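Scroll down for the structure; my scribbles are underneath it.
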Amino acid sequence: MADEVQRVFVASVVEEGGNSLALGCFSSEETAWQVLRNFLKKSELMVLVSSTVVVWDIDVIGENGVNVLSTMECKDCPVCGRRTFWMDLENFSALCHGDACAAWVEESTLEPGIIDCGWPPIRFLKQAQDIEEAFSELFKLGDQMKAISKVDSLGEHEPQQMLDAFRKKSALGSKD
Ligand SMILES: [Zn+2]
Numbered sequence: 004m005a006d007e008v009q010r011v012f013v014a015s016v017v018e019e020g021g022n023s024l025a026l027g028c029f030s031s032e033e034t035a036w037q038v039l040r041n042f043l044k045k046s047e048l049m050v051l052v053s054s055t056v057v058v059w060d061i062d063v064i065g066e067n068g069v070n071v072l073s074t075m076e077c078k079d080c081p082v083c084g085r086r087t088f089w090m091d092l093e094n095f096s097a098l099c100h101g102d103a104c105a106a107w108v109e110e111s112t113l114e115p116g117i118i119d120c121g122w123p124p125i126r127f128l129k130q131a132q133d134i135e136e137a138f139s140e141l142f143k144l145g146d147q148m149k150a151i152s153k154v155d156s157l158g159e160h161e162p163q164q165m166l167d168a169f170r171k172k173s174a175l176g177s178k179d
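Numbered according to this note's numbering, the sequence shown spans residues 4 to 179.
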C-alpha cells in the first residue's frame, strides 16, 4: 500500500487567450511547486495570465477528488515592468520572477493587516496600510528607477543590469 500513489499534484499555467499548458503531474506538492517556479522564471517570454497547483485524489469520482491548492495571477511588475509579477490572491503575496528583480508584496507576518513590500536589488523595504499603498510604493520606485540616469549611486553589478533593463523597458513605454 505504501508504494501506491493516493494523490497527485498537478501544476499548470494559462496563456492569454485561454490556452492551458500542463506542466506535469507529480507525487509531491514540493515537486509541483519547484517545476512551477522554474517555469515562471521564463514567464516573460510568453503571455501568461494565471497558474494553478491542484491536488487530485486517485479513484474519487467527481469534483470531490480535486482541491485547488494555489491560484496565482500574472501581472506587469510595478518595478521592472515585465510580465513576470505573480500574485497569490488567497494568502496575499506577490513576487516578480524576472531576472534581477524580485519585487515583492506580502502581508506582514508580525502585524496582521499591515502590508510589506520590497525590492531586493537596492534593499528597499517599506510597510503600507493596505495593498493599494504597497503597490503605489512599488510603482513609485519603478518610476524613480526609470528616471535615474546615473547608476554610480547604486554601486553594484546587478542593479546596473537592472537599470539597463529598465531603460529598454521604459523606452518601449510599457506603462504610461
Ligand atoms: Zn520585476
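Positions of the beta carbon are idealized from the N, C-alpha and C atoms, including for glycine. Small disclaimer: the values here were computed from a predicted structure and weren't measured.
Does the segment 56-74 come into contact with the segment 106-119, if we say contact requires no fewer than three beta-carbon pairs (one atom in each stretch) closer than 8 Å?
no
Q. Given a threshold of 16 other Cβ atoms within 10 Å of its Cβ, counted over all protein chains shown, does residue 183 qualify as buried or as exposed?
A. With the chain represented from 4 up to 179, any question about residue 183 goes unanswered, as that position is not in the structure.
Would you call the CB atoms of residue 96 and residue 82 closer than 8 Å?
As a working mapping, residue 96 is identified with position 93 in the sequence shown. As a working mapping, residue 82 is identified with position 79 in the sequence shown. No, the pair does not count as a contact, with Cβ atoms beyond the cut-off.
Discussion item. As an exercise, report each continuous beta strand (DSSP E) stretch of at least 3 residues that is fully enclosed by the segment 39-89, in chain order.
Written reply: 51-60 and 69-78
* **Range of the contiguous beta strand (DSSP E) that encloses residue 96** => Working through the sequence shown from its first residue, we reach residue 96 at position 93. Counting along the chain, the beta strand (DSSP E) containing residue 96 begins and ends at 96-99.
Is the separation between the beta-carbon of residue 56 and that of residue 28 shorter than 8 Å?
Position 53 of the sequence shown, counted from the start, is the residue given in the question as residue 56. Position 25 of the sequence shown, counted from the start, is the residue given in the question as residue 28. No.
Point to revise | Top-ranked residue by Cα proximity to residue 100, from 119, 92 and 123 | key: Here residue 100 corresponds to residue number 97 of the sequence shown, with the count starting at 1. Taking only the C-alpha atoms, the option nearest residue 100 is 123.
Check your understanding: Out of curiosity, what's the CA-to-CA distance linking residue 134 and residue 141?
Key -> Within the sequence shown, the letter at position 131 stands for residue 134. Within the sequence shown, the letter at position 138 stands for residue 141. Computed Cα separation, rounded: 11 Å.
Contact check, residue 47 vs residue 87, beta carbons under 8 Å:
Along the sequence shown, one-based indexing puts residue 47 at 44. Along the sequence shown, one-based indexing puts residue 87 at 84. Less than 8 Å separates the beta-carbon of residue 47 from that of residue 87.
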